[in-house]
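Student: Taking the numbering used here, I'd label the letters of the sequence shown as residues 847 to 987.
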Amino acid sequence: MAAEETRGDGFDDWAHDLLKELEQQTPEAIRRLRSSERHEVQSAIKIRPANASAAGESAVEGLTGDVSPGGCRVMSSVPLRVGDVYKLEIEKGELELPILFARCLRCRLVREDAFESGFAFFNTIKLDEVRSGGSIMDSLL
847 MAAEETRGDG
857 FDDWAHDLLK
867 ELEQQTPEAI
877 RRLRSSERHE
887 VQSAIKIRPA
897 NASAAGESAV
907 EGLTGDVSPG
917 GCRVMSSVPL
927 RVGDVYKLEI
937 EKGELELPIL
947 FARCLRCRLV
957 REDAFESGFA
967 FFNTIKLDEV
977 RSGGSIMDSL
987 L
């Protein structure tokens with residue numbers, strides 16, 4: 847098929863529209879679309895598979911990078927499976943949160959031994975349950 851030929855099935859229009867949409871996704875535009883602001887919180891976290899068939903797998907340890915009422919960003923030394931559901935146990939400290947169930951939405955290689963994953967919680971959390979002490983999250987909710 848020559849480069850100037852088109853498929854005639856609408857694929858070219860769809861691909862063009864998709865590329866235009868991707869070009870418009872700047873970091874600022876993405877921040878405006880978020881339902882809530884993310885706040886930097888670094889806490890130790892244990893990530894366990896939430897399905898019964900993977901219950902025997904060991905927990906992955908990581909560190910939260912930021913947390914919002916709807917999700918969080920986590921750094922770990924192993925990649926996590928995008929689309930899978932995990933049980934997140936954030937270490938008590940700045941945040942006092944129960945065990946959370948979340949779906950891994952993305953995972954990317956940062957360097958050979960570090961992976962960044964994004965999670966969406968199944969239930970919205972309240973971030974006002976923060977220990978006192980001048981936390982950046984004291985003014986939330």
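C-beta: ideal position from N, C-alpha, C; glycine also.
Phe857 to Cys953, Cα distance in whole Å?
Tutor: Each residue's Cα considered, the two are about 28 Å apart.
Student: Strictly by DSSP, which residues pair up with Lys892?
Tutor: DSSP output for Lys892 lists Glu907 and Glu935 as bridge partner(s).
Student: Alpha carbons only, please: which of Ala898, Val887 and Phe965 is nearest the one belonging to Glu940?
Tutor: The shortest Cα separation from Glu940 among Ala898, Val887 and Phe965 belongs to Val887.
Student: Per DSSP, Val920 is paired with what?
Tutor: Per DSSP, Thr910 and Ser963.
Student: State the DSSP-derived secondary structure class of Leu926, mapped to helix, strand or coil.
Tutor: Leu926: coil per DSSP, three-state reduction.
Student: For Leu868, does the three-state DSSP call read helix, strand or coil?
Tutor: Leu868 falls in the helix class under three-state DSSP.
Student: From which residue to which residue does the beta strand (DSSP E) around Val956 run?
Tutor: Where Val956 is concerned, the enclosing beta strand (DSSP E) stretches over Leu946 to Arg957.
Student: If you draw a straight line from the C-alpha of Ser923 to the C-alpha of Ser963, how long is it?
Tutor: Taking the straight line joining both Cα atoms gives about 11 Å.
Student: Determine the direct distance from the alpha carbon of Ile936 to that of Phe967, and round the result to whole angstroms.
Tutor: For Phe967 and Ile936, the distance between alpha carbons rounds to 13 Å.
Student: Nearest by alpha-carbon distance to Gly929: which of Gly908, Phe947 and Gly902 is it?
Tutor: It is Phe947.
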